[in-house]
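Visitor: If you scroll down you'll find the structure; I have some questions about it.
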Amino acid sequence: MTQAQKSYGYAQLEAVAQEMRADPTMVFYYEYSIPVSTTPDGTVLDLRTEFGEPRTSGSGWPIDEQWIVGAAIGAATAGSKAIARLPSMAQIYALEYVYNQAGKIRSMTGGQASMPFVLWVDGASRGRGSAGQHTDVGVEAIYANLPGMKVVCPSNAYDAKGLLVSAIRDPDPVVYMNYPEVRGGAQPNVPDEAYEVPFGEAAIRQAGSDLTIVAWAPATVDVARALPQLAEAGISAEFIDPRSLKPLDVETLARSARKTGRMLVVDHGHNTNGFGSHVIAEVVQEVPGTITRKIAFPDVPGPGSGEMMSWLRPDAPKIVDAAKQLMRA
Amino acid sequence: MMETKGTVDRRTLLKMMGAAGASGAVFAACGVPGAGASGTLARGVTGAEFDKSIRLATGGPGGNKDWRPGDSLKYLPAEDIPTRGSASDGLASRPKEKLLEMYWRMNASRKWESTMKDLFLGGDDGLYGAFHPSAGEEAMAVGVMGALNDDDYIASTHRGHAHLIAKGGDLNKMSAEIFFKESGYNRGYGGSMHITDMSKGIMGMNGIVGASYYMAAGAALHAMVRGTSQVSVAFFGDGASASPYYFSAVRSCANQNIPCLFVAENNFQYMSVPMARTAPTKYLTEYTKGLDIPHFLVDGNDVSAVHEATSEAVEWARAGNGPSVIEGMTFRWYDHAGFSGARIGEDGASNLPYRTDEEVRGWISRDPITRYRRWLVATDNATEAELDDVESDVRKAVDESITFARESKNPAPEAGVLNTYASKAATATQFYNRQGLVG
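Sequence order for the protein chains is A and B. Positions 1 to 329 (the numbering used here) are the ones given, in order, by the first sequence. Positions 1001 to 1439 (the numbering used here) are the ones given, in order, by the second sequence.
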């Protein structure tokens, strides 16, 4: 199998399988997202049959997200590396146990308890037709606010595998965001072996000198569409994908801001207290005088109508427009 | 209590408060006698499985753990619904116009969904979005709603089109919402999964599994606060029975005699996950048996059985006795969402990996609408010609609703920042200047 043949989903399950092979007490719990993936050449990865129960949820667990998260956190506290994978509209059920237990237990126990727990959140997208509960993007900001938690947002198959390996190996709880919009399209090659993409290291997707654009999954999709138009408009944009939101690579962001003097943050999350606000706060504290602007999905639930949704989404035309205005500011 | 604060010490105060709480709990427990509960068990059920299980309502622990695709056929009821017995008599005692209205609504739900299926598959209207068909389960919706008053509340599920139509939902507004038009029930914001009509006590379909329990229980509390005799119904599926909210809501309604009915539409299919993974017991009604409230287990494709169980549960609730749990065994003809395995002009979806085609055909042969039609004729409540007229009328209403939807306007894109807050638009933060493209 060549590396390029791996889908995003296969790369992720490969990471889980490799770590589960390396650690016989590791567990992977999920609801209806059965962990099976194949490659175009017919290689099948089936974690249900390879690891069985109770290391996996077999052919599915009940629609009881508290149980899935609670079971994983309990197992992690006892010493298993544990992943709980939840669907987008139901991940918030996990918040109580994550809020009160996952991020606090090491501190509360004076360092006795470890928490090698990964909350794998299957994200939604700012797309038409689902409406409200099935369109939420930006929940990473909620988790990033919690002490003890780490948060990563991969935007391509290479980072998806590497960040997942890092998350599994991390002795602290990690929220791993899995957004659907970054899973398609052309993907970088994914090595067969397990490898880590370290937390706290941003990726500079495009170097530039006029303006810094910051976006993470899934806004990277819109920024990628905007970049050619910005080049045509004669704007040299530097595009940074933090990948890991907490810890955040403030150093790389600040270095870029010092160079360009201007920063545009694109956030598919809701405006108020969205993670982009934190990015700007950190950068402006490090590099006073940076001219900044954030464009974000408004403080509204995503509507079902395609007309409304595409108007609300901070997409490529709005990014291009914002970049142009920022250059004049 | 505040006045006594200065005159009693803290220990005495706490003792007073504790005593009040304890006596209240004892009083509530005594208010739900076990004999009363078991005396109201449903009678109008069909099929050997159901008869045997009316009182026990169980296959014992582990009842579903060996579930295999096709096992729902073990629950298949008789071909015809009984034309005698308490359920049949109960329904037959309703005015003829009510019986025909129920027939209209069952047909409207089916024809409306079948039409939407054909339009989604046909593609000419460019329909998009989530659509969870309830075809095959109409007897549950119409049977329950037939026993409610117009001002009673219901909280529906993601699979709730039949609930909406059974409670008098407007087909035009429903169709327009599927088309995401301004004239739709939710003005294009909600789509299939969130259709709501507050004016009819329909607290909405909901995209979150298990959201109905607290919605309905809270509405029942509202009715208690206002001093009305309204009741509330929470619909849920077998999958949603796993939600911790379920036991929580039933328990608290039992504890406080809250007039809420919990109606399970057990269709044996939580998305594509086998039943064995969801419910360790044979019936969902097992879960709350210890609460000593009425439980009804019925043939969910028999509108008379559902109607009878609901009538008893409603009477029990209106009399101040609190909640009941009703479980109807039924079957959804299509996939969880959308129309995989379905064809234009044909009923049911085939070739789905988690169930057998034999199973689908078996349940289609127990079509709740056909069974009701035969009952209406056999009991001399309607003639074939009258029922044909009803069906023609339904066809016309469904077709008109599609025309209405097609001719309606799309919502303005800028409406996207409205309706989140009661009085003020949200800021258009997606734009640099918070208004629109500057250029």
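Cβ coordinates follow ideal geometry from the N, Cα and C atoms, glycine included.
(1) Helix, strand or coil for A/L252, going by three-state DSSP, please let me know.
(2) Any idea what DSSP makes of B/C1253, helix, strand or coil?
(3) Measure the alpha-carbon distance for B/D1380 versus B/S1232 and round it to whole angstroms.
(4) Identify which residue in A/A217, A/V320, A/A323 has its Cα closest to the Cα of A/Y176.
(5) Work out the CA separation of B/S1072 and B/R1355 for me, nearest whole Å.
(6) Since I believe B/A1139 is in contact with B/N1301 (beta carbons under 8 Å), could you give me their beta-carbon distance rounded to a whole number of angstroms?
(7) Of all the residues that make up the segment 291-313 of chain A, which are near chain B by a beta-carbon distance shorter than 8 Å?
(8) Find the residues of chain B that neighbour A/A322, judging by a C-beta separation of less than 8 Å, and give them in chain order.
(9) Skipping 5 residues on each side, what residues in its chain have a beta carbon closer than 7 Å to that of A/D222?
(10) Short check: CB of A/S7 to CB of A/I34, under 8 Å?
(11) With 16 as the cutoff for other CB atoms within 10 Å, does A/K324 come out buried or exposed?
(12) What in chain B is Cβ-close to A/W61, meaning under 7 Å?
(13) Are there any heavy atoms of the ligand PLP lying less than 7 Å away from the beta-carbon of B/A1078, as far as the coordinates show?
(14) Express the C-alpha separation of A/V283 and A/A296 in angstroms, rounding to a whole number.
(15) When you compare the CB positions of B/V1250 and B/I1326, do they come within less than 8 Å of one another, or not?
(16) Measuring CB to CB, does B/A1234 end up less than 8 Å from B/A1217?
(17) Can you name the start and end residues of the alpha helix (DSSP H) that A/I105 belongs to?
(18) Taking just the CA atoms, how far does A/R128 sit from B/L1119?
(19) What residues are listed by DSSP as bridge partners for A/R183?
(20) Would you call the segment 1288-1306 of chain B in contact with the segment 1333-1340 of chain B, where contact means no fewer than 3 C-beta pairs closer than 8 Å?
(21) Taking B/C1253 as the reference, give the member of B/M1203, B/G1239, B/F1236, B/L1221 with the closest Cα.
(22) Measure the C-alpha to C-alpha separation of A/A141 and B/S1109 and round it to an integer number of angstroms.
(23) Note down, in chain order, all residues in the segment 1172-1200 of chain B with a beta-carbon under 7 Å from any beta-carbon belonging to chain A.
(24) Give the C-beta separation of A/K81 and A/E14 to the nearest angstrom, bearing in mind that I take them to be a contact with Cβ-Cβ under 8 Å.
(25) Determine the direct distance from the alpha carbon of B/M1116 to that of B/G1341, and round the result to whole angstroms.
(26) Ignore the nearest five residues each way along the sequence and tell me which others in B/R1395's own chain have a CB closer than 8 Å to its CB.
(27) Is B/N1266 helix, strand or coil when you go by DSSP?
(28) Assign B/K1282 to buried or exposed, taking buried as 16 or more other Cβ atoms, counted over all protein chains shown, within 10 Å of its Cβ.
(29) With 8 Å set as the bound, which would you pick, yes or no: does the beta-carbon of B/L1437 sit closer than that to a beta-carbon of chain A?
(30) Can the beta-carbon of A/Y30 be found less than 8 Å from the beta-carbon of A/R106?
(31) Are the Cβ atoms of B/G1201 and B/D1125 separated by less than 8 Å?
Guide: Checking against the coordinates, here is how it stands:
(1) The amino acid occupying residue 252 of chain A in the given sequence is Thr; Leu does not appear at that position. Residue state, collapsed to three classes: helix.
(2) helix
(3) 33 Å
(4) A/A217
(5) 9 Å
(6) 5 Å
(7) R293, K294, I295, A296, F297, P298, D299, V300, P301, P303, G304, S305, G306, E307, M308, M309, S310, W311, L312, R313
(8) F1431, Y1432
(9) V266, P314, D315, A316, I319
(10) no
(11) buried
(12) R1277
(13) Summarising the ligand content, the structure contains no ligands, and the ligand PLP is consequently not present.
(14) 18 Å
(15) no
(16) yes
(17) 105-108
(18) 18 Å
(19) DSSP output for A/R183 lists no bridge partner at all.
(20) no
(21) B/L1221
(22) 42 Å
(23) F1180, G1188, Y1189, G1190, G1191, M1193, H1194
(24) Incorrect: roughly 16 Å between the Cβ atoms, too far for contact.
(25) 15 Å
(26) K1111
(27) strand
(28) buried
(29) yes
(30) no
(31) no
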